[in-house]
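Here full-length UniProt numbering is used: position 328 in the sequence shown is 328, and no number is missing along the way. Note that the Cβ used here is the ideal one computed from N, Cα and C, for glycine as well.
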Amino acid sequence: MSSQRANIPRKQSALQWIRISDQDPFQWTNSAPVIEPSDLGVDQVLVENHAISLNPVDYKMASTNFSNTKLPAVTGYDISGRIVAIGNKVKDFQVGDEVFGMLNLNSSNGGGAIQQYSVAEIDTLVPKPSDVDHVHAATLGVAFLSAMDGLRQVKIDSSTSVYIPGGSGGVGHFSVQIAQIRGAKQVTTSASKEEGIQILKEKYRIKDVLNHATENIVDRVMELTDGKGVDVVYDATYLPSSFDKTIQMVKEGGSWIVLRRFGQDITKDTERVEKRKGKLLLADLGRYWLGNERTQLKSFCQYSLSQGVKWIKEGQLKPYINRIIKLEEAQDALELIKQGKSGFGKIVIRNSFE
Ligand SMILES: NC(=O)c1ccc[n+]([C@@H]2O[C@H](COP(=O)([O-])OP(=O)(O)OC[C@H]3O[C@@H](n4cnc5c(N)ncnc54)[C@H](OP(=O)(O)O)[C@@H]3O)[C@@H](O)[C@H]2O)c1
């Protein structure tokens, strides 16, 4: 293990998470520790992060710590990079391999993405093909996996109508594309900014993009479906105000998929969907990492990540990279995401290693 030490610095740049708060939880540093390779868990690797994609959970975790992470730590969960050290039992990966995937939501002991070197579990990494760059591969983390987690639970074919509010967000823009790739008959979405509406229509070829800020979206979806409602709603907005509307669009016998916070009470929603003779399905990555579905984490993540990168190679999936920033700009970018001003799709950090 000591030979693994040679080219790994002992200190690194990082946006450190220093207090559990929604006020100034982070502090920039150039001297955060890099884990000793000998301290890696047997199934862990150390990754030199070439790209990191950001998500709302990166700042939300800082104020809630629902993963019980030991501070100081680092948040952020989507990485693509090169393995620089491996744990004792790692057989499937070697030092030098290029990989991407999602990091443990509990980022104690060297985890967390918003730094130069991160500890990753091998269960949620896959090899990065050489013809997909790190910036694109890094987008296939929390947002993409959430989109896959929701839509994997329903059958979608050429007879299926789907409504996905918020198609301009990270989860939303992946979800509309997955529904299209799987051959849905009709994919309808919403956005509130003109730029987002145009991108959804022109780049992603979605005919009906509603404006959730100015239109009565329930009436519009009913009009578009001859008063019947849609077979599948995937509401990944996390907004009760949106849930109140999207539940009304579910066709009798249809599915209402809702992205949920781990451990939330769903009694009210179950009652609401039963009244419509529909089915409530939950999407939530927390249940794999922190709940009783840990045994499914590896198969779900490795299948989904491999599928995502295959779709990118085939030109079927197009992650929208709104801007590429430097690591030291992460805090400002998280603030933009918090304020709903981050723009369409994803913000990605690119690190350079000389
Ligand atoms: N539990 C989990 O496992 C999990 C996983 C991933 C994400 N999440 C949560 O899910 C939410 C979405 O994540 P994200 O990465 O997609 O966030 P994001 O990239 O910040 O996108 C948020 C989207 O919500 C849209 N929106 C805002 N108000 C809306 C409304 N009233 N109706 C419809 N859409 C609305 C915005 O569209 P416009 O800007 O066009 O208005 C924006 O595109 C976040 O709260 C995130 O924390 C949870």
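Residue i - containing alpha helix (DSSP H), residue span
i	result
MET61	57-64
LEU15	Run containing LEU15: none in the alpha helix (DSSP H); it sits in the beta strand (DSSP E), 11-17.
PHE174	170-181
VAL135	134-138
Inter-residue Cα distance where the pair is residue i and residue j
i	j	result
LEU334	LEU327	11 Å
ARG272	ILE197	30 Å
ILE8	VAL84	7 Å
PRO127	VAL218	42 Å
LEU145	ARG294	15 Å
GLN180	SER158	10 Å
SER13	TYR238	32 Å
LYS346	PRO319	8 Å
LYS89	ILE247	47 Å
ASP265	ASP244	16 Å
PHE344	GLU329	18 Å
SER2	ILE86	With a pLDDT of 47 at SER2, under the threshold of 50, the modelled position of this residue cannot be trusted; read the value that follows with caution. Roughly 11 Å between the two C-alpha positions.
ASP231	ARG182	14 Å
MET102	ASP58	13 Å
CYS301	GLY308	10 Å
TYR163	ILE325	32 Å
GLN4	SER38	9 Å
ALA62	SER21	6 Å
ASP123	LYS228	42 Å
VAL258	GLN94	38 Å
ASN216	THR225	15 Å
LEU140	THR214	31 Å
THR160	THR64	38 Å
THR267	LEU281	13 Å
VAL42	GLN186	47 Å
GLN23	MET222	42 Å
GLU274	THR188	23 Å
ILE199	THR270	34 Å
TYR303	GLN296	11 Å
LYS60	ILE156	32 Å
ASP97	ASN106	24 Å
Candidates the options, of which the one nearest residue i by Cα
i	options	result
GLU121	PRO129, VAL99, ILE181 and HIS136	VAL99
ARG350	ARG323, VAL209, LEU40 and VAL42	ARG323
ASN55	ASP24, ILE321 and LYS91	ILE321
ASN49	ILE86, VAL135, TRP28 and ALA73	VAL135
VAL154	LEU239, SER255, VAL142 and GLY291	SER255
ALA184	ASP78, MET61 and VAL233	VAL233
SER168	VAL162, ARG182, GLU194 and ARG19	GLU194
GLY340	ASN216, SER192 and ARG260	SER192
ASP78	ASN104, GLN296 and THR64	ASN104
LYS207	SER190, ARG82, MET222 and THR214	SER190
ASP92	ALA113, LEU125, GLY76 and ILE114	LEU125
SER130	ARG10, LYS313, ALA6 and LYS11	LYS313
Same chain, Cβ closer than 8 Å to residue i, five either side skipped, listed in chain order
i	result
SER242	PRO165, GLY166, HIS212 and ASP235
LYS203	LYS318 and TYR320
ARG10	PRO33 and VAL34
Other residues of its chain near residue i: CB distance less than 6 Å, five sequence neighbours each side excluded
i	result
ALA147	VAL171, PHE174, SER175 and ILE178
residue 422	For residue 422 there is no data in the structure shown, the boundaries of the chain being 1 and 354.
GLY51	Strictly speaking, residue 51 in this sequence is Ala, with Gly absent from that position. Once the five neighbours on either side are set aside, the close Cβ partners of ALA51 are SER80, HIS134, VAL135, ALA138, VAL348 and ARG350.
ARG19	PRO25
SER342	LEU336
ASP149	ALA283
ASN30	SER13
GLU252	LYS277
LYS298	ASP123
SER306	VAL126
LEU210	SER190, ILE217 and ARG220
Cutoff 7 Å; reference residue i; Cβ partners in own chain excluding five residues on either side
i	result
GLN331	LEU15, PHE26 and TRP28
PHE262	PHE66, ASP284, GLY286, ARG287, LEU290 and GLY291
SER108	THR69, LYS70 and ALA73
VAL119	ILE35, LEU40, GLN44, LEU46, ASN109, GLY110 and GLY111
residue 355	Because residue 355 is not part of the residues shown, which for the chain are 1 to 354, the question remains open.
GLY76	ILE52, LEU54, ASP58, GLY112, ALA113 and ILE114
Endpoints, beta strand (DSSP E) assigned at residue i
i	result
VAL126	125-127
ALA147	Element bounds for ALA147: not the beta strand (DSSP E) but the alpha helix (DSSP H), 142-151.
ILE79	78-86
ALA120	117-121
PHE26	26-33
VAL45	44-53
VAL99	98-102
VAL162	161-164
* **Unbroken stretches of the alpha helix (DSSP H), 4 residues or longer, contained in the stretch 301-350** => You should have 330-338.
* Whole beta strand (DSSP E) elements within the stretch 183-241, 3-residue minimum -> Here the runs fully enclosed are 186-191, 208-211 and 230-235.
* What are the complete beta strand (DSSP E) segments, minimum 3 residues, inside the stretch 242-294? -> DSSP runs (the beta strand (DSSP E)) wholly in the stretch 242-294: 250-259 and 279-283.
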